[in-house]
Amino acid sequence: MDPLPQIVEWPAGRLDFSAAPLLMGILNVTPDSFSDGGDFFEKDKAVAAGLLMADQGAAILDVGAESTRPGSLPVPADEQIRRAVPVIRELAPKLNIPISIDTCNPDVAEAAVHAGASILNDTTALADERMALLAARYHLPVILMHMQGTPSTMQLQPHYENVVQEVKQFLWQRAQYAQSIGIPREHIFLDPGIGFGKTLEHNLQLLHHLQEFVQLGYRVLVGVSRKRFLGQLTGRDHPKERLFGTAAATALAVAQGASILRVHDVEPMVDIVKVAYAIAFSHITPNP
Ligand code: HH2
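The sequence shown begins at 1203 in the numbering used here and counts up one residue at a time.
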């Protein structure tokens, strides 16, 4: 397969992969996200947090208005729009990095795009055809994530014969589908969906074999930040105590070729990504 271009451009944005993997800063405008629910529920706090993450080195800002933590229920589209759109509308003109919208609802996605978002982060990998058509129509990059089940029940009894093969096959098929409706390969990012219908063992298997996902020929995004499997390994019950666990998993994902790391704590992860990437790929990122 041809190598992917270092610079990925689309009408409303651009990502430069030439120096090092990129950080996606998480901005949850929710009252109930698993680690930062309520922290950025007010618009002004959310905008300030977004600007800070961009300043700290985030290359993408991922705005989400619906928690997908285990056991959570869907948030109606109009409520997601009420939460996310004012924040995106205010942030977009102030940022020189793209905003992604973390939703599987096409109405939310379209409202977010009209407000200034230009990447679709879909935890259901374009299960709703309208998401795919939206991405194709506006030439938007898409993040295709794997999830077994739905957030409300996904952690009850996750089961796979071979988690790595099954998740890889699913993502490959979704990527083929995305390309078949006109989304180019460099606009497709694959994500194994750490914590989405997976036991500790499943998460570790996926992260251990991450390189196999990179070998599918698409860029890979990984979201380990503060997640429960880190608490299971370290005994740290509070998500905000999982910074070092996040750092270890992030560094090892970088070493296996991940291109985008979705994180809450942008500032420390900048250094972690640089060092991990330099060691793994003998690539020195110039300091500004
Ligand atoms: N993880 C979460 C949400 N969205 N999107 C992608 N592509 N990959 C992920 O791993 C991922 C995601 C869960 O984390 P967070 O947004 O912090 O929590 P919540 O869903 O409770 O808002």
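Positions of the beta carbon are idealized from the N, C-alpha and C atoms, including for glycine. Given the structure is predicted, the values throughout are model-derived calculations rather than measurements.
Residue i - DSSP class collapsed to helix/strand/coil
i	result
R1430	helix
E1312	helix
L1493	Past the edges of the chain, shown from 1203 to 1490, lies residue 1493, and the structure says nothing about it.
M1203	coil
D1491	With the chain represented from 1203 up to 1490, any question about residue 1491 goes unanswered, as that position is not in the structure.
E1388	helix
D1215	For the sequence presented, residue 1215 should be read as Gly rather than Asp. In this structure, G1215 counts as strand in the three-state DSSP scheme.
L1263	strand
G1252	helix
V1468	helix
D1393	strand
N1298	coil
L1225	strand
L1322	strand
E1406	It should be noted that the sequence gives Leu, not Glu, for residue 1406. Reduced to three states, the DSSP call for L1406 is helix.
L1435	helix
I1303	strand
R1291	helix
L1418	coil
V1477	helix
V1231	coil
V1277	coil
I1283	helix
Option in the options with minimal Cα separation from residue i
i	options	result
T1232	L1392, A1377, V1277, L1445	V1277
I1301	V1344, I1486, D1473	V1344
A1329	I1299, A1377, A1313	A1377
I1290	G1419, R1271, L1229	L1229
R1285	K1296, D1304, R1271	D1304
R1332	H1316, L1346, A1311	A1311
A1327	N1489, H1361, R1444, L1423	L1423
A1294	P1470, A1221, V1265, P1223	V1265
E1443	Q1371, I1299, F1236	F1236
I1299	G1252, H1341, T1325	G1252
D1309	E1292, P1288, E1281	E1281
D1467	D1204, M1347, A1256	A1256
L1408	L1373, P1488, G1351, L1254	L1373
H1348	P1360, I1486, A1480	P1360
S1274	P1213, T1487, I1481, D1234	D1234
P1394	Q1381, H1410, Y1379, P1386	H1410
G1227	Q1375, E1268, L1263, T1270	L1263
P1470	A1450, P1386, S1484	A1450
S1269	G1239, L1346, I1481	G1239
L1316	E1388, I1283, S1484	Correcting the residue identity first, residue 1316 is His in this sequence and not Leu. That would be I1283, whose Cα lies nearest to the Cα of H1316.
D1204	S1484, P1386, N1489, L1435	P1386
A1267	L1254, N1489, V1287	V1287
A1334	S1382, L1297, L1358, V1472	S1382
Supposed contact pair residue j and residue i - C-beta distance, whole angstroms, cut 8 Å
i	j	result
T1448	R1430	The Cβ separation is near 12 Å, so there is no contact.
L1206	G1259	With a Cβ gap of about 22 Å, L1206 and G1259 do not count as contacting.
G1425	R1464	4 Å
P1353	P1272	6 Å
F1391	R1421	5 Å
A1279	N1307	5 Å
Q1413	G1384	Not really, about 29 Å apart at Cβ, beyond 8 Å.
F1398	K1370	Rounded, the Cβ-Cβ distance is 15 Å, inconsistent with contact.
Y1379	P1223	The pair is not a contact, with the Cβ atoms about 26 Å apart (cut-off 8 Å).
H1341	P1213	5 Å
T1487	A1221	5 Å
Report the residue ranges of all beta strand (DSSP E) runs contained in full by the region 1324-1386; include only those spanning at least 3 residues, in chain order.
With a minimum length of 3 residues, the continuous beta strand (DSSP E) runs that stay inside the region 1324-1386 are 1344-1347.
Decide if the region 1363-1373 is in contact with the region 1400-1416; the criterion is three or more beta carbon pairs, one per stretch, under 8 Å apart.
Yes, since at least three Cβ pairs between the region 1363-1373 and the region 1400-1416 fall closer than 8 Å, the two stretches touch.
With contact counted as at least three CB pairs below 8 Å, one residue from each stretch, are the region 1205-1224 and the region 1320-1337 in contact?
Using a C-beta cut-off of 8 Å, the region 1205-1224 makes contact with the region 1320-1337, since at least three inter-stretch Cβ pairs fall below that distance.
Count Cβ pairs between the region 1240-1248 and the region 1453-1472 that sit closer than 8 Å; are there 3 or more?
By the Cβ rule, the region 1240-1248 does not count as touching the region 1453-1472, because fewer than three pairs are nearer than 8 Å.
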